[in-house]
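Encoded as structure tokens, the structure appears first; notes follow it.
Numbering (the working numbering), first residue to last: 2 to 190.
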């Protein structure tokens, strides 16, 4: 079973953006899908770290990176029209789970979800993750790319990110939903 898709939460995108390393998302040569809700979370306030970098990168990588439509974002947009101060709490994670479920139902082998948020590790979120999903922190993802010799130095990227993001960028974590255990073992080797 091979990873056919990368879906990312907001945290990894911000970390990679501030470290000038968004291109690492395309190094596995698989589809990269950013949920529309996640893009909104990052770019809602243009002055936030990573927002402008992400927008510029998305513009340059239109052929390699997709923005995935989600019901989560449609619902949030309707609520936002009623309350412009509405917060996005956990909606990015839910949108990522929605995309993974849809893509796996459409027949891909396995998906990879990148995260930094501790909410992803909570049981109430994990039960929403479909089978055959590898769940990696940004740090674990970068170290896996380094072991595969796709990047020279994961720590250099994490050093750049940590100056803005703090220790959150270095949090290591790896989980697998049912059916993705072998992919997890291979990633960590």
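Ideal Cβ positions, reconstructed from N, Cα and C, are used throughout, including at glycine.
This structure is a prediction, so every number in the text was calculated from the model and none was measured.
Would you list the residues sitting across from residue i in a DSSP beta bridge?
i, result
"residue 116", "138"
"residue 90", "For residue 90, which the question treats as bridged, DSSP gives no partner whatsoever."
"residue 6", "32 and 112"
Once you ignore the five residues that flank residue i on each side, which residues in its own chain have a CB closer than 8 Å to its CB?
i, result
"residue 124", "Low confidence applies here, because residue 124 scores a pLDDT of 47, under 50, leaving its location unreliable; read the following figure in that light. Counting only Cβ-Cβ distances below 8 Å, and skipping sequence neighbours, we find nothing."
"residue 35", "8, 9, 14, 59, 66, 67, 68 and 69"
"residue 4", "29, 31, 110, 111, 112, 113, 135 and 184"
The beta strand (DSSP E) spanning residue i covers which residue range?
i, result
"residue 177", "175-177"
"residue 69", "66-69"
In chain order, what residues of the same chain have a beta carbon less than 7 Å from the beta carbon of residue i, not counting five sequence neighbours either side?
i, result
"residue 131", "101, 102, 105 and 178"
"residue 159", "140, 143, 170 and 171"
"residue 87", "80 and 81"
"residue 51", "14, 15, 18, 19 and 43"
"residue 47", "53"
Considering just the uninterrupted stretch of the alpha helix (DSSP H) at residue i, what are its terminal residues?
i, result
"residue 39", "37-44"
"residue 166", "155-166"
"residue 53", "52-61"
"residue 191", "The displayed coordinates of the chain run from 2 to 190. Any statement about residue 191 would go beyond what the structure contains."
"residue 183", "182-189"
"residue 82", "72-83"
Could you pull out every residue in the same chain whose Cβ sits closer than 6 Å to the Cβ of residue i, ignoring the five residues on either side in sequence?
i, result
"residue 136", "114 and 176"
"residue 37", "68, 70, 71 and 74"
"residue 181", "111, 133, 134 and 135"
"residue 32", "6"
"residue 164", "none"
"residue 11", "39, 42, 43 and 93"
Measure how close the beta-carbons of residue i and residue j come, nearest whole angstrom, since I'm counting them as under 8 Å.
i, j, result
"residue 28", "residue 146", "6 Å"
"residue 138", "residue 174", "4 Å"
"residue 184", "residue 25", "Wrong, their Cβ atoms sit about 18 Å apart, outside the cutoff."
"residue 21", "residue 161", "7 Å"
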